Structure formats: structure tokens, C-alpha cells
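Everything on this sheet refers to the single structure shown next.
Protein chains: 2
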Amino acid sequence: MRTRRPPTPYSGPVDDSLLTHGRALKHVQVREYVRSLVAGQAPGSPAPSERELVHRFGVARMTVRQALDTLVSEGLLERIPGRGTFVARPPRVTSTITGYSEEMARRGLLSESQTLLARREQAGPGVARALNLTEGDAVIHWRRLRRGDGQPICLEDAYLNEVLIPGFLQSGMPTSLYDELGERGLRPTWAEDSITADKATREEAELLELAPGAVVMRHSRRALAGEKAIEVSRSVYRADRFTMWIQLGG
Amino acid sequence: MRTRRPPTPYSGPVDDSLLTHGRALKHVQVREYVRSLVAGQAPGSPAPSERELVHRFGVARMTVRQALDTLVSEGLLERIPGRGTFVARPPRVTSTITGYSEEMARRGLLSESQTLLARREQAGPGVARALNLTEGDAVIHWRRLRRGDGQPICLEDAYLNEVLIPGFLQSGMPTSLYDELGERGLRPTWAEDSITADKATREEAELLELAPGAVVMRHSRRALAGEKAIEVSRSVYRADRFTMWIQLGG
DNA sequence: GAGTGGTCTAGACCACGAT
DNA sequence: TCGTGGTCTAGACCACTCT
Numbered sequence: 001m002r003t004r005r006p007p008t009p010y011s012g013p014v015d016d017s018l019l020t021h022g023r024a025l026k027h028v029q030v031r032e033y034v035r036s037l038v039a040g041q042a043p044g045s046p047a048p049s050e051r052e053l054v055h056r057f058g059v060a061r062m063t064v065r066q067a068l069d070t071l072v073s074e075g076l077l078e079r080i081p082g083r084g085t086f087v088a089r090p091p092r093v094t095s096t097i098t099g100y101s102e103e104m105a106r107r108g109l110l111s112e113s114q115t116l117l118a119r120r121e122q123a124g125p126g127v128a129r130a131l132n133l134t135e136g137d138a139v140i141h142w143r144r145l146r147r148g149d150g151q152p153i154c155l156e157d158a159y160l161n162e163v164l165i166p167g168f169l170q171s172g173m174p175t176s177l178y179d180e181l182g183e184r185g186l187r188p189t190w191a192e193d194s195i196t197a198d199k200a201t202r203e204e205a206e207l208l209e210l211a212p213g214a215v216v217m218r219h220s221r222r223a224l225a226g227e228k229a230i231e232v233s234r235s236v237y238r239a240d241r242f243t244m245w246i247q248l249g250g
Numbered sequence: 001m002r003t004r005r006p007p008t009p010y011s012g013p014v015d016d017s018l019l020t021h022g023r024a025l026k027h028v029q030v031r032e033y034v035r036s037l038v039a040g041q042a043p044g045s046p047a048p049s050e051r052e053l054v055h056r057f058g059v060a061r062m063t064v065r066q067a068l069d070t071l072v073s074e075g076l077l078e079r080i081p082g083r084g085t086f087v088a089r090p091p092r093v094t095s096t097i098t099g100y101s102e103e104m105a106r107r108g109l110l111s112e113s114q115t116l117l118a119r120r121e122q123a124g125p126g127v128a129r130a131l132n133l134t135e136g137d138a139v140i141h142w143r144r145l146r147r148g149d150g151q152p153i154c155l156e157d158a159y160l161n162e163v164l165i166p167g168f169l170q171s172g173m174p175t176s177l178y179d180e181l182g183e184r185g186l187r188p189t190w191a192e193d194s195i196t197a198d199k200a201t202r203e204e205a206e207l208l209e210l211a212p213g214a215v216v217m218r219h220s221r222r223a224l225a226g227e228k229a230i231e232v233s234r235s236v237y238r239a240d241r242f243t244m245w246i247q248l249g250g
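If you're matching them up, the sequences are chains G and Z in order.
With UniProt numbering applied, the first sequence corresponds to residues 1 to 250, in that order.
With UniProt numbering applied, the second sequence corresponds to residues 1 to 250, in that order.
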């Protein structure tokens, strides 16, 4: 039986991001070592064997397994019993939440965005409910006319929970809302969308340079980052210039 | 230090589904015991503590942790350091691939489906490409008029890879395509959808009981079960009676 | 202080794949 | 046969929460 374990005064080079209470956890060290080894490797490339890592780090095999378990559950590695551990083929993208800018980029179109309105408002009943706020709470209302290759494509009214993004209006409006949210750790991870077809109102037709009554697609979204309802938006798209693409599942 | 472990001749009641090579793995026993305890429990209810399970099953704590790890990664349990292990609140549904029947059921509408066509055809170029087939390969073409509460809502043309579902046409058409595919282990796990708005053609307008030129929503789907492309479909929905709901992310 | 989960050890035997 | 991952043991110390 083992006696007391010494207080593990680890003293090697340590990435600060890997510290917990001032000390790097061993399984984290192993995990990040393997992650860096494996970064950029082709799918199917072998990762170090568990016993090799045991040797290199002087840790128990269970510790190595804990490290690899994480990477396997991340989809980075794949274990094949009797053969070894290998770089997994990149898992199919699991329905990413994308915004308009990314949608346009994906099709190779130049994405432009003209802000028609960006101001603090009091939440109405619908917006308040969608953002888990109380009616009258402060929200940011951002209305944009969006173009692809110069042509009007979409008119979007987004409402953002101001409490979650202090200084948003003052900092100048970002090009990509979702990138900006990402930098604040609030990139939406979940969204409820609804989509229907309709005819453009007169105002919409004017802004989108359509004949009144032309066919449009209406898209509503409620986007959440973790538990936080961050954005609710209503968009109207020219049907003749826009097809929505969605990938579901993983 | 331990000596050799005895050959673990487990003899308790064993669910066949839990057997591997004729012997129930201990972590599986523990896992399924906890799963059954926790089934139907309200979120936040405590699960047995790790040490309690160690006692009850006479196993090492690492074994119990392995069992609980699985349930945690399934989203069934949640660990809170210093407090215990608890039933997790049901994880948000990660964008399920749903078919029309399930969509209707979700809104509490009576879903009906009238088969207009169900036959073997030779794949055209578009369908062949979508199903990873060669032009001329056999596909099943299934055209349905779908109603909600008696009203025409959707006209759908589905093409299925016949090789993957032998005897499909002969067995009588199912009510829910996705349920039927599920029973063959081919429930789609991934789908590429595209959605746009348009005006109904004369034929569509007739079948959907619309005025010619009325606004409709067009929906295309390419659905895969694992690596197998199983279904490709084109649907047209009456915009006045149907809004598409999508949940993204998890 | 008692109980909980988080981390870690230093081994063991097994089934399986490659050689 | 040798190396691999899969399973398992019987403990240990830690930080944390709750009472």
C-alpha cells in the first residue's frame, strides 16, 4: 500500500491558463501536451500510447486516461482497442449558430451592413419575454439593412439585453455581432428560429428595393449563450436573393 | 499492494443488454443501477454518493466514478463539488431532426398524409448526387399531400435510397417516415436543409387549395444516418398555415 | 467536523490487434 | 508474443459545502 503522497511541488514550465490554485493539475498537463502534439496532425495519425505518457510524465495510468478521456470526448482523439489512440477525423460540424455576416462569407459574397438605428430602448412585452427581462428594462435596438454584393438582401431588427453587454453602443457597432459577442464570452450556443414566407410590407419593400407585395422570408431568432438570453431578432429577406441553409444534428 | 484479482464470477441478476462476453461489467452495473434510480426523478434530486455506491457494490471508487462519468456526459447527472451528485435539469434538446408528423404532433395538430405516389424509380442526376448514388440507380419516390387538422399544408416529394431499406414499398408505407427509418437503425442524425420563399406553381396551388401565385415556403432536405445518405426531399408549404421551427445548438 | 466530489497512485488482469 | 486500450483495485490527500 502507498504511504502519504508528497505535496506534489510541481516546478516545471507552466502555462498560466492551466493553473488551478497556483498548481498545474497533472491530467491537465498531460492533456495539453497531447493536444499540442496532435494539433494539425492528419486524422488517423497516432497519438502517444498511454504507457508512453505514463513514462514521460511519471504519473499513473489512470491520470493519463483522464487526460485522454477529455480529448476523446472533445472529439479530438479516437481510441481503438488493441491498436492505439489516434487523431479523430474532424467531427461533422454540429449546427453552428451563424449570423448574417458569416452566412454571406460562406457563400463568398461581400457582406455589407448599413445601420439604420442603434439606440437604447425600453423593452416591449414581446422582447422582454424573449430576453427574460421585465417590460421597460433597457435593451439595445439595432436595425440594419444588409447587402450582399451591393444588393439589398435583408432588413434586420435585433434586440440585445443591455445588461449583458455594457458599453456596447459606445464602443462602436461591430461588423459581425456574433464575433463581438464571442469576444465577450457570449457567443450564442443555442437558438430558437422560426421561419415563414410572406409578402413584404410597403416599408420593407422600399428598403429592400422590392415591388410592394413581393415574396419575402421572415426569420425570427431567439439566441442564448448558455443560460443567458442575449439576442432576439426579426429579419426579413428578399426571397429572390436569399436561400437559408441549415445544418442539423451532429 | 493488491494481489491478483479473483476472476470476478458475478452471479447476480443481469440484464442481457448489459453483458459483454457473458459477464456484466461492474461500471455498467453501477451505471444502470443509478440510471434506474434516477429515472423520472426531478432535476436537483440527489443521486447516491460515490462512497455509498462503493459500499453497495463492493467496488473501487474509480469504478463508481467511471459509471457516473458516463451518466454525467450523457447529461443525466450533474456533479457539484462539496455537495454531491444530482439529477441534471434535462439538457436542452440538441436540434433534433424532425419530420412533418413529429412537427405536427408537437403543435397538437392532427397529422394526416395522403400518398399520391409511391414507386420505384431511376435516380435522376440531382437525386443521385444527393444520395451518393449513380444516375439510374433505384430510388423510392414517395409523394405525399400532408394535412393538419384536415387542411392541406404541405406537398412533399421524398426520394429514398432503396438499397438501404429493402422491402420498404412492399411493407406498406409507414405513418412516420422517420419512425420507420428509426426501426431500421437509419434514423437521420444529420441533415442539410435549405429554405426559401416562393410562389406556388399551378399544380402546387391546386393540390394545396391555394390561389395560383400564393406565397409558399420551399424546403429541401438531405438527410443522413451516420455516413449513409438516406433521404432527399423537396417540400412546399402553405405559408399561411405553416411556420417552421428550428432549434440550433446544444 | 463530517461528507462530498476532484485528483492521484502503483499496480493488476483482460481482450484484442499486429507481427 | 508483444503492445494497446479497457477494466478494476484499495487506498491517499485536497478543496469545498453544510451543519
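We treat Cβ as the ideally placed atom computed from N, Cα and C, and that holds for glycine.
It should be emphasised that the depicted structure is a prediction, and the values quoted were computed from it without experimental measurement.
Buried/exposed call for residue i, threshold 16 Cβ in 10 Å
i	result
L116 of chain G	exposed
H21 of chain Z	Low local confidence applies: a pLDDT of 40 at H21 of chain Z is under 50, so the model's placement there is unreliable, with the coordinate-based value given in what follows. By the neighbour-count rule (16 or more Cβ atoms within 10 Å), H21 of chain Z is not buried but exposed.
R218 of chain G	buried
T196 of chain G	buried
T85 of chain Z	buried
N132 of chain G	exposed
P90 of chain Z	exposed
V163 of chain G	exposed
D179 of chain Z	exposed
L155 of chain Z	buried
residue 266 of chain G	Because chain G spans 1 through 250 in this model, residue 266 of chain G falls outside it and cannot be assessed.
I153 of chain G	buried
A24 of chain Z	buried
P48 of chain Z	buried
E209 of chain Z	exposed
S11 of chain Z	Model confidence at S11 of chain Z stands at a pLDDT of 31, short of 50, so the residue's coordinates are unreliable; what they give is reported in the following sentence. S11 of chain Z comes out exposed.
Rounded separation between residue i and residue j - CA only
i	j	result
M244 of chain Z	V59 of chain Z	50 Å
G205 of chain G	S111 of chain G	Looking at the sequence shown, residue 205 of chain G is not Gly but Ala. Going from the Cα of A205 of chain G to the Cα of S111 of chain G covers about 20 Å.
residue 274 of chain Z	K199 of chain G	Since the displayed chain Z opens at 1 and closes at 250, residue 274 of chain Z lies outside it and no answer follows.
E78 of chain Z	V54 of chain Z	18 Å
V139 of chain G	S73 of chain G	38 Å
V14 of chain Z	S45 of chain Z	In this predicted model, V14 of chain Z has a pLDDT of only 33, less than 50, meaning its place in the structure is not dependable; the value taken from the coordinates is given anyway. Those two C-alpha atoms are separated by around 27 Å.
R234 of chain G	L181 of chain Z	35 Å
A214 of chain Z	G213 of chain G	11 Å
A191 of chain Z	E52 of chain Z	44 Å
G82 of chain G	Q247 of chain G	35 Å
E203 of chain G	A211 of chain G	11 Å
G124 of chain G	T134 of chain G	9 Å
N161 of chain G	W142 of chain G	11 Å
L37 of chain Z	R65 of chain G	28 Å
G148 of chain G	M104 of chain G	7 Å
E183 of chain G	P174 of chain G	11 Å
E227 of chain Z	E121 of chain G	48 Å
Spatially closest choice to residue i from the options, by CA coordinates
i	options	result
T63 of chain G	G:R31, G:R184, G:G40 and G:A128	G:R31
Y159 of chain Z	Z:A39, Z:L177, Z:G213 and Z:L207	Z:L177
Q170 of chain Z	Z:E156, Z:G185 and Z:R119	Z:R119
Y33 of chain Z	Z:R51, Z:A67, Z:R187 and Z:D193	Z:A67
D240 of chain Z	Z:I230, Z:Q151, Z:E102 and Z:S36	Z:Q151
residue 256 of chain G	G:L208, G:E231, G:V28 and G:R147	No statement about residue 256 of chain G is possible, as the shown extent of chain G runs from 1 to 250 and does not include it.
R144 of chain Z	Z:L109, Z:A42 and Z:L207	Z:L207
Q41 of chain G	G:G75, G:A130, G:V87 and G:E52	G:V87
R35 of chain Z	Z:L155, Z:E156 and Z:L76	Z:L76
V236 of chain G	G:R146, G:T134 and G:E121	G:R146
R187 of chain G	G:S49, G:I165, G:C154 and G:A39	G:I165
R56 of chain G	G:K26, G:I80, G:T201 and G:R129	G:K26
A130 of chain G	G:D149, G:R221 and G:A24	G:R221
A229 of chain G	G:V127, G:E50 and G:G136	G:V127
D193 of chain G	G:L224, G:A24 and G:P48	G:L224
I80 of chain G	G:L109, G:S101 and G:E50	G:E50
T189 of chain Z	Z:F242, Z:D137, Z:E231 and Z:R61	Z:E231
When Cβ atoms are compared, which residues of the stretch 184 to 205 of chain Z fall closer than 9 Å to chain G?
P188, T189, W190, A191, E192, D193, S194, I195, T196, A197, D198 and K199
Check each residue of the stretch 64 to 81 of chain Z: if its Cβ is closer than 7 Å to any Cβ of chain G, include it; give the result in chain order.
S73
Any C-beta of chain Z within less than 9 Å: which residues of the stretch 136 to 150 of chain G qualify?
Taking 9 Å as the Cβ-Cβ cut-off against chain Z, none of the residues of the stretch 136 to 150 of chain G qualify.
Along the chain, which unbroken stretches of the beta strand (DSSP E) at least 3 residues long are found entirely within the stretch 49 to 118 of chain G?
Taking only runs of at least 3 residues, the beta strand (DSSP E) segments lying wholly in the stretch 49 to 118 of chain G are 77 to 80 and 84 to 87.
Quick one: which residues of the stretch 25 to 47 of chain Z get their C-beta closer than 9 Å to a C-beta of chain G? List them in chain order.
So the list is empty, because no residue satisfies the distance condition.
Unbroken stretches of the alpha helix (DSSP H), 4 residues or longer, contained in the stretch 153 to 211 of chain G:
177 to 183 and 202 to 207
Along the stretch 208 to 220 of chain G, where does the CB come closer than 7 Å to a CB of chain Z? Name the residues.
V215, V216 and M217
Short-range partners of chain Z found in the stretch 108 to 131 of chain G, where Cβ spacing is below 7 Å:
Hits within the stretch: zero.
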